[in-house]
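As they're listed, the protein sequences go chains V and U.
Per this note's numbering, the first sequence starts with residue 8, numbered consecutively.
Per this note's numbering, the second sequence starts with residue 8, numbered consecutively.
Here a beta-carbon is modelled for each residue, glycine too, at the ideal position from N, C-alpha and C.
Here the structure is a predicted model, which means the values were calculated and not measured.
2 protein chains.
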Amino acid sequence: MNNFVFQNPVKLIMGKGMISELNKEIPSDKRVMITFGGGSVKKNGVYDQVKEALKGYDTIEFWGIEPNPSIETLRKAIELGKKEKVDFLLAVGGGSVIDGTKLIAAGLLYDGDAWELVQKRFITSDTVPLGTVLTLPATGSEMNYGGVITRKETKEKYGFMSHFPVFSILDPEVTFSLPPHQIACGIVDTFTHTLEQYMTTTGQSRLMDRWAEGILQTLVEVAPKIKENQHDYQLMADFMLSATMALNGFIAMGVTQDWATHMIGHELTALHGLSHGHTLAIVGPGTMRVLREAKGDKLIQYGERVWNITSGTRDERIDAAIECTEKFFRSVGLTTRLSEENISGETIDEIERRFNEREVAYGENGNVTGAVARQILESCI
Amino acid sequence: MNNFVFQNPVKLIMGKGMISELNKEIPSDKRVMITFGGGSVKKNGVYDQVKEALKGYDTIEFWGIEPNPSIETLRKAIELGKKEKVDFLLAVGGGSVIDGTKLIAAGLLYDGDAWELVQKRFITSDTVPLGTVLTLPATGSEMNYGGVITRKETKEKYGFMSHFPVFSILDPEVTFSLPPHQIACGIVDTFTHTLEQYMTTTGQSRLMDRWAEGILQTLVEVAPKIKENQHDYQLMADFMLSATMALNGFIAMGVTQDWATHMIGHELTALHGLSHGHTLAIVGPGTMRVLREAKGDKLIQYGERVWNITSGTRDERIDAAIECTEKFFRSVGLTTRLSEENISGETIDEIERRFNEREVAYGENGNVTGAVARQILESCI
Numbered sequence: 008m009n010n011f012v013f014q015n016p017v018k019l020i021m022g023k024g025m026i027s028e029l030n031k032e033i034p035s036d037k038r039v040m041i042t043f044g045g046g047s048v049k050k051n052g053v054y055d056q057v058k059e060a061l062k063g064y065d066t067i068e069f070w071g072i073e074p075n076p077s078i079e080t081l082r083k084a085i086e087l088g089k090k091e092k093v094d095f096l097l098a099v100g101g102g103s104v105i106d107g108t109k110l111i112a113a114g115l116l117y118d119g120d121a122w123e124l125v126q127k128r129f130i131t132s133d134t135v136p137l138g139t140v141l142t143l144p145a146t147g148s149e150m151n152y153g154g155v156i157t158r159k160e161t162k163e164k165y166g167f168m169s170h171f172p173v174f175s176i177l178d179p180e181v182t183f184s185l186p187p188h189q190i191a192c193g194i195v196d197t198f199t200h201t202l203e204q205y206m207t208t209t210g211q212s213r214l215m216d217r218w219a220e221g222i223l224q225t226l227v228e229v230a231p232k233i234k235e236n237q238h239d240y241q242l243m244a245d246f247m248l249s250a251t252m253a254l255n256g257f258i259a260m261g262v263t264q265d266w267a268t269h270m271i272g273h274e275l276t277a278l279h280g281l282s283h284g285h286t287l288a289i290v291g292p293g294t295m296r297v298l299r300e301a302k303g304d305k306l307i308q309y310g311e312r313v314w315n316i317t318s319g320t321r322d323e324r325i326d327a328a329i330e331c332t333e334k335f336f337r338s339v340g341l342t343t344r345l346s347e348e349n350i351s352g353e354t355i356d357e358i359e360r361r362f363n364e365r366e367v368a369y370g371e372n373g374n375v376t377g378a379v380a381r382q383i384l385e386s387c388i
Numbered sequence: 008m009n010n011f012v013f014q015n016p017v018k019l020i021m022g023k024g025m026i027s028e029l030n031k032e033i034p035s036d037k038r039v040m041i042t043f044g045g046g047s048v049k050k051n052g053v054y055d056q057v058k059e060a061l062k063g064y065d066t067i068e069f070w071g072i073e074p075n076p077s078i079e080t081l082r083k084a085i086e087l088g089k090k091e092k093v094d095f096l097l098a099v100g101g102g103s104v105i106d107g108t109k110l111i112a113a114g115l116l117y118d119g120d121a122w123e124l125v126q127k128r129f130i131t132s133d134t135v136p137l138g139t140v141l142t143l144p145a146t147g148s149e150m151n152y153g154g155v156i157t158r159k160e161t162k163e164k165y166g167f168m169s170h171f172p173v174f175s176i177l178d179p180e181v182t183f184s185l186p187p188h189q190i191a192c193g194i195v196d197t198f199t200h201t202l203e204q205y206m207t208t209t210g211q212s213r214l215m216d217r218w219a220e221g222i223l224q225t226l227v228e229v230a231p232k233i234k235e236n237q238h239d240y241q242l243m244a245d246f247m248l249s250a251t252m253a254l255n256g257f258i259a260m261g262v263t264q265d266w267a268t269h270m271i272g273h274e275l276t277a278l279h280g281l282s283h284g285h286t287l288a289i290v291g292p293g294t295m296r297v298l299r300e301a302k303g304d305k306l307i308q309y310g311e312r313v314w315n316i317t318s319g320t321r322d323e324r325i326d327a328a329i330e331c332t333e334k335f336f337r338s339v340g341l342t343t344r345l346s347e348e349n350i351s352g353e354t355i356d357e358i359e360r361r362f363n364e365r366e367v368a369y370g371e372n373g374n375v376t377g378a379v380a381r382q383i384l385e386s387c388i
């Protein structure tokens with residue numbers, strides 16, 4: 008186990024009807040800007056619940072934070088928030104709205120252009136306090152301090168670290184009406200977040216291994232059932248809690264992390280607009296294929312504990328574990344190959360070029376360079 | 008899954024040499040009272056590490072917080088702390104020192120007698136900030152807001168809830184020199200904390216079940232190895248992290264809890280001075296035996312996932328799961344029967360009387376009355 012420091016102060020408020028607790032969490036003298044994505048919250052009743060809970064509050068609304076939130080949109084929100092002297096933010100939406108609002112929270116107290124904050128990577132300056140009402144289980148943003156922002160003009164997509172939300176409200180009922188494609192992406196995103204912190208080497212922490220496997224086992228169990236009945240409260244609650252727990256630091260204590268799949272996936276989104284979770288369904292199995300030697304022991308443990316693969320040679324067991332993973336991603340309803348999305352070698356060239364230009368190397372061993380990213384993507388054709 | 012609110016702001020600092028980080032965590036202008044148990048920290052180097060890290064700080068020391076910390080001792084600490092105008096507390100020890108120091112933290116800002124605070128059960132008034140350096144993995148007190156205090160004159164032992172520590176430092180190396188009996192009690196305490204939040208009914212939360220089982224599986228795996236080599240860093244780190252994670256709320260989200268074993272165990276400690284973990288090794292299997300009907304489905308899940316019990320009739324599987332549990336507690340080096348500790352029917356009479364007098368009923372179904380406690384204890388003779 009590596010030395011580590013863990014702290015996560017987010018107040019997690021989970022359950023049926025919990026949006027009505029909003030007024031216990033936001034001081035009544037605050038001027039609140041509520042941020043939204045598109046209009047789905049007006050259809051599923053979340054908007055009405057939020058407005059009802061905040062009756063009597065001084066609120067303004069900012070609409071239109073898009074999937075893969077763009078700096079172009081967020082600049083407008085920051086401008087509005089500054090003009091209106093907002094001193095509390097409430098993000099109502101999925102990971103994109105929450106990620107975007109984390110940048111707004113920092114931008115409201117920053118004099119320069121907000122893209123500079125993204126480029127800093129670690130935002131340590133003060134931010135406006137932020138609460139969230141989560142509508143889409145996937146990114147874990149509701150209980151961590153990270154965010155990912157896209158710059159449309161340059162087709163760039165980068166992560167940054169900032170401050171935790173003060174609270175997050177999770178009502179599993181709000182997920183009943185989500186489009187199946189979003190559920191599918193959310194499941195793969197959660198699965199892949201877990202793998203990024205788990206699929207490295209064995210023997211780092213027995214407990215963290217078990218907890219990561221616990222998330223994976225839960226997803227494997229609930230995914231086909233959710234496909235049958237997206238209105239089952241217990242199922243959706245299990246999925247929603249898993250998504251939050253997959254990226255809030257709880258399974259990352261003292262262990263190394265990978266994140267190569269995410270970094271390559273971000274490029275696919277930036278270049279082709281593919282949903283984030285969908286890019287992971289394509290790249291994730293490729294990362295396993297190309298790095299199967301370094302990750303071999305862990306792939307075998309994963310195969311045994313998550314997929315019940317207990318016989319065969321070492322190579323057969325590793326093959327089977329990777330195949331189970333790709334099949335699982337397909338079973339939730341996503342494609343897993345670049346060719347299925349008409350993504351060609353030019354994209355692979357461009358991603359290799361970008362990695363090389365930035366002189367980056369990802370993965371737990373810091374060896375996923377542009378050339379290795381190319382190998383991974385080529386294995387996903 | 009039941010609705011729940013979760014928040015745990017403790018900063019967990021874990022690893023080799025991390026005690027040296029103390030001066031980053033305590034503001035240098037604080038007047039710090041460091042609290043200790045007996046003298047073991049002087050033998051194992053912890054005392055020296057703490058003093059070295061706090062060079063230049065204005066500190067006083069309070070020694071002698073005993074196992075099952077007594078209100079009689081803590082009153083003296085509060086008196087000293089008030090006189091010395093202490094404004095930061097550092098608990099260096101195991102669960103007893105930390106529990107006791109939580110009461111000191113409240114008592115320093117309270118005008119009445121500190122036993123009144125224990126009787127309140129929920130301390131909501133201000134407390135002096137408290138950090139900890141953990142020396143014995145067991146109670147989880149380093150990352151929760153509870154404590155248990157004994158009143159010697161009346162042989163009473165009660166729990167209370169107060170504030171979280173600000174930070175806790177866990178260096179697995181400090182456990183290398185612990186007496187094997189304390190390790191054994193710590194393992195059983197951790198195991199039983201997990202069971203209190205798990206051994207109820209199935210189907211409440213797939214993820215919380217997996218995480219609880221993950222702690223149990225880890226303990227089952229490391230316990231015999233620790234007996235062989237208590238100086239193995241990875242083993243002790245796994246154990247130490249498990250102990251903290253077993254009682255910090257992480258496995259309690261949205262699920263019901265039992266705690267009957269603990270409440271009966273506290274009485275055995277209060278009446279006979281038995282180590283806390285040891286009482287759980289005796290009472291825990293008894294709770295399973297007597298409540299085997301209500302807990303049946305969960306006992307079967309537990310048997311399968313933790314002990315690999317996959318065949319036999321329902322009753323046989325339940326029997327086997329309970330037997331495995333008792334055998335495990337014996338394997339770490341503890342007795343599991345009242346008769347082995349010369350505890351007789353008079354004690355059972357007294358515990359039944361106390362439960363009845365207090366008109367309490369514990370357990371996830373609120374049905375562990377004095378009469379049921381008698382049944383449980385009689386099954387442990």
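The alpha-carbon of U:Ala-250 is positioned some 12 Å away from that of U:Gly-221.
Between the alpha carbons of U:Ala-113 and V:Arg-38 lies a distance of about 35 Å. Within chain V, no residue has its beta carbon less than 8 Å from that of U:Val-313; the closest one is some 11 Å off. Look at the stretch 211 to 226 of chain V: the residues with a C-beta under 7 Å from a C-beta of chain U are Ser-212, Arg-213, Leu-214, Arg-217, Trp-218, Gly-221, Ile-222, Gln-224 and Thr-225. Taking V:Ala-277 as the centre and dropping the five residues before and after it, the same chain places the C-beta of Thr-157, Lys-162, Glu-163 and Lys-164 closer than 7 Å to its C-beta, in chain order.
In this structure, the beta-carbon distance from U:Met-247 to U:Phe-183 does not fall below 8 Å. Three or more Cβ pairs closer than 8 Å define a contact, and the stretch 372 to 380 of chain V meets that threshold against the stretch 350 to 361 of chain V. Residues are counted here when their Cβ sits less than 8 Å from a Cβ of chain V; for the stretch 21 to 39 of chain U these are Met-21, Gly-22, Lys-23, Gly-24 and Met-25, given in chain order. DSSP, reduced to helix, strand and coil, places V:Gly-153 within a strand of the structure shown.
Listed as beta-bridge partners of U:Asp-239 by DSSP are no residues whatsoever. Per DSSP, the beta bridge partners of V:Asn-15 are U:Asn-15. In the displayed model, U:Glu-68 falls within a strand according to three-state DSSP. Taking a 10 Å sphere around the C-beta of U:Glu-300, we find fewer than 16 other C-beta atoms and assign the residue as exposed. According to the DSSP assignment, U:Tyr-54 belongs to the alpha helix (DSSP H) that extends over 53 to 60. Rounded to the nearest whole angstrom, the C-alpha separation of V:Val-99 and U:Asn-15 is 23 Å. Per DSSP, U:Tyr-117 lies in no beta strand (DSSP E) and is assigned neither H nor E. Rounded to whole angstroms, U:Asp-178 and U:Asp-216 show a C-alpha spacing of 28 Å. Gln-241, Ala-244, Asp-245, Leu-248, Ser-249 and Met-252: these are the residues of the stretch 232 to 252 of chain V whose beta carbon lies less than 7 Å from some beta carbon of chain U, given in chain order. Residues Gln-264, Asp-265, Trp-266, Thr-268 and His-269 of the same chain have their beta carbon placed closer than 7 Å to that of V:Glu-203, with the five preceding and five following residues left out of the count. Using a Cβ-Cβ cut-off of 8 Å, V:Asn-363 does not count as an interface residue toward chain U, since no Cβ of chain U sits closer than that to its own. With 16 or more other Cβ atoms inside 10 Å of its own Cβ, U:Asn-151 counts as buried.
Contact annotation for V:Phe-335 against chain U: no contact, minimum CB-CB distance about 16 Å [criterion: below 9 Å]. The three-state secondary structure of V:Glu-163, taken from DSSP, is strand. The Cβ atoms of V:Val-17 and V:Phe-174 lie closer than 8 Å to each other. Under the three-state reduction of DSSP output, U:Arg-158 falls in the strand class. The Cβ neighbour count for U:Asn-315, taken over all protein chains shown within 10 Å, is under 16; the residue is labelled exposed.
Here DSSP, grouped into helix, strand and coil, assigns U:Ala-219 to helix. Interface with chain U (8 Å Cβ-Cβ cutoff): V:Gln-14 is included. Excluding sequence positions up to five before and after U:Ala-219, its CB lies within less than 7 Å of the CB of Thr-201, Gln-204, Tyr-205 and Ile-258, all in the same chain and listed in chain order. Around the beta carbon of U:Pro-34, a 10 Å sphere encloses fewer than 16 other beta carbons of the protein chains shown; the residue is thus reported as exposed. In the three-state reduction of the DSSP assignment, U:Ser-351 falls in the coil class, being assigned neither a helical nor a strand state. Nearest CB-CB separation between V:Glu-123 and chain U: not below the 8 Å threshold. Straight-line measurement puts the Cα of V:Cys-192 at about 11 Å from the Cα of V:Arg-337. Annotation for U:Met-40: the continuous beta strand (DSSP E) segment containing it runs 38 to 43. Around the CB of U:Asp-118, fewer than 16 other CB atoms lie within 10 Å, so the residue is classed as exposed.
Judged by pairs of C-beta atoms under 8 Å, the stretch 140 to 149 of chain U does not touch the stretch 119 to 126 of chain U, as fewer than three such pairs exist.
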